[in-house]
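Participant:
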Amino acid sequence: MSVSLVQAHKILSSYGVSTSLVFGIVGNILLICVLARQKHPISSCSLYLLSITIVNLIIIQFMLLLVIYSVYNPNPEHNSLVWCKIRSYFFDALIMLYRWYRIASFIDCAAMSSRHVWIRSFSQARIAYRTVLTITCVCLLIPLHLAVYFRIEFDRCVPQSGIYATFFSIYSIFISGWTPPLVMAVCGTIAYRNLKRV
0 MSVSLVQAHK
10 ILSSYGVSTS
20 LVFGIVGNIL
30 LICVLARQKH
40 PISSCSLYLL
50 SITIVNLIII
60 QFMLLLVIYS
70 VYNPNPEHNS
80 LVWCKIRSYF
90 FDALIMLYRW
100 YRIASFIDCA
110 AMSSRHVWIR
120 SFSQARIAYR
130 TVLTITCVCL
140 LIPLHLAVYF
150 RIEFDRCVPQ
160 SGIYATFFSI
170 YSIFISGWTP
180 PLVMAVCGTI
190 AYRNLKRV
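Numbering of the sequence shown is given in numbering that gives the first Met the number 0, commencing with residue 0 and proceeding in unit increments.
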């Protein structure tokens, strides 16, 4: 009995993604419970990890449920302009939040491992609260242009052609592509060197 490639894709998408969804939700909820039930005051690292976990839980539920829905139904992103804009904005904002919370956690680790007291003083929970709030506000504002300039062209949700398409490519490369890994690599290297000196 042969199974077509489309049927195999449907089976893998529905069962594989469903399994990932269940494990992702359970894992993130358990981590949130562990971080939220600490007996000691929350540290800056714990706060960043908690923020990352909450955003990750939202991403898993938002995106994987859409993938499962799209296996058996037409993808609403290709038919509805409103959904195209909403999905583009929220997906980009959530991914940006996830990346920049991670960047903040790497910067915090580099600061925490510093020999200088004034640099270590940046690794405090009250500063982490302000940082998380600032990152949240900025990351929800920056991708607003996606909700304005994304269109459905040839049954695909894409950036509006022309100048905006060029802008979106540059935006994707710098904001989402190069900057997060570079900052994390630099901060990780600094933290490693600081810990090596101890």
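Don't be surprised by glycine CBs; every beta carbon is placed ideally from N, CA and C. It should be emphasised that the depicted structure is a prediction, and the values quoted were computed from it without experimental measurement.
1) How big is the Cα-Cα spacing for PHE149 and VAL5?
2) Thinking C-alpha only, which one of ILE85, SER3, VAL131, CYS83 is nearest THR52?
3) Is ALA7 helix, strand or coil when you go by DSSP?
4) Going by DSSP, what residue range makes up the alpha helix (DSSP H) through PRO180?
5) I need the boundaries of the alpha helix (DSSP H) containing ILE174, first residue and last residue.
6) The alpha helix (DSSP H) that contains ILE85, what's its start and end?
7) In terms of residue numbering, what span does the alpha helix (DSSP H) encompassing ILE41 cover?
8) Between the alpha carbons of VAL70 and CYS186, how many angstroms are there, rounded?
9) Look up ILE141 in the DSSP assignment and say whether it is helix, strand or coil.
10) Can you give the beta carbon distance from LEU143 to TYR88, rounded, assuming they're within the 8 Å contact cut?
11) Here's a check: name, in chain order, each residue in its chain whose Cβ is nearer than 7 Å to the Cβ of GLN123, leaving out the five neighbours to either side.
12) Exposed or buried, which one is GLY15 when buried takes at least 16 other CB atoms within 10 Å?
13) What are the boundary residues of the alpha helix (DSSP H) that ARG150 is part of?
14) With a cut-off of 8 Å on the beta carbons, I'd call LEU96 and VAL54 a contact; round off their distance for me.
15) Beta-carbon separation of ILE94 and SER19 under 8 Å?
16) State the Cα-Cα distance for the pair MET0 and ALA7, rounded to the nearest angstrom.
17) Out of curiosity, what's the CA-to-CA distance linking TRP110 and PHE121?
Facilitator: On the basis of the data shown:
1) If you take the alpha carbons of PHE149 and VAL5, they lie about 29 Å apart.
2) Sorting ILE85, SER3, VAL131, CYS83 by C-alpha distance to the C-alpha of THR52 places VAL131 at the top.
3) DSSP places ALA7 within a helical segment (H, G or I) once states are collapsed to three.
4) Run containing PRO180: 178-196, per the alpha helix (DSSP H) assignment.
5) Note, ILE174: premise wrong, no alpha helix (DSSP H); not H, not E.
6) Per DSSP, ILE85 belongs to the alpha helix (DSSP H) from 80-111.
7) Boundaries for ILE41: no alpha helix (DSSP H) harbours it, and the DSSP string shows neither H nor E there.
8) Going by the C-alpha atoms only, they are around 40 Å apart.
9) Assigned with DSSP and collapsed to three states, ILE141 falls in coil, not helix or strand.
10) By a beta-carbon distance limit of 8 Å, LEU143 contacts TYR88. Their separation comes to about 7 Å.
11) The beta carbon of GLN123 sits closer than 7 Å to those of SER43, all from its chain and outside the five residues before and after it, given in chain order.
12) With fewer than 16 other Cβ atoms within 10 Å, it is exposed.
13) ARG150 -> not in any alpha helix (DSSP H); beta strand (DSSP E) instead, spanning 149-152.
14) That pair is a contact at about 5 Å.
15) Their beta carbons are not under 8 Å apart, which means ILE94 does not touch SER19 by this criterion.
16) Confidence at MET0 is low in this model, with a pLDDT of 46, below 50, so its placement is unreliable and the value that follows should be read with caution. Straight-line Cα distance between these residues: approximately 13 Å.
17) Here the sequence assigns Ala to residue 110, which means Trp is not the residue at that position. Cα to Cα, ALA110 sits roughly 7 Å from PHE121.
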